[in-house]
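Shown next, in structure tokens, is the structure this report addresses.
Residue numbers (the working numbering): 1306 to 1476.
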């Protein structure tokens, strides 16, 4: 964790969370079928935790560099209104989402690869989170590394961290 930061203090004020997809909400593998279809696997507990965060007033966004109908379907299933796919610049994509109503301050960002560092450095992001199998440069920039790997219930752990810090964890 970058020095001088108290994790609970950073988590206490989180108003919005921006998630990467591949390597965070999935295990990072992309499977192509012979007929050209793409397959991704999501964790059902992550979905329930995303809904739990939203029910407690935390806005949810997804920003990914890839374009996938599967991600759009998952966002729709979970009532995630802030989705940006095919983002060449994740920082610029977050700026666009803020223009659409996503919180302009006190956000968390969850990423695993070097392009996610732009989210960590965005002026609206105060809490940078990553997964244990992230790129070394991303690990070095994060305030917190989850115990769980991408696609293995990362959001479960993050929801408990944030909601506990906010005094809203009831389990």
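Glycine included, each C-beta is placed from N, C-alpha and C at the ideal position.
Member of 1449, 1455, 1467 whose CA lies at the smallest distance from the CA of residue 1349: 1455
Whole alpha helix (DSSP H) elements within the region 1326-1409, 4-residue minimum: When DSSP assignments are scanned along the region 1326-1409, the uninterrupted stretches of alpha helix (DSSP H) that are 4 or more residues long and fall wholly within it turn out to be 1349-1360, 1374-1382, 1395-1404.
Own chain partners of residue 1401 with C-beta closer than 8 Å, once the 5 adjacent residues on each side are dropped: 1389
Cβ shell of residue 1464 (< 6 Å), same chain only, five flanking positions each side left out: 1354, 1357, 1358
Of the listed residues 1429, 1380, 1422, nearest to residue 1404 (C-alpha basis): Among 1429, 1380, 1422, the Cα nearest to that of residue 1404 is on 1429.
Sufficient close CB pairs (3 or more, under 8 Å) joining the region 1331-1340 to the region 1439-1447: no
Strand pairing of residue 1433, partner residues [DSSP]: 1414
Outcome for residue 1310 when other beta-carbon atoms lying within 10 angstroms are tallied against a minimum of 16: exposed
Inter-residue CB distance, residue 1459 and residue 1436 (contact presumed, cutoff 8 Å): 6 Å
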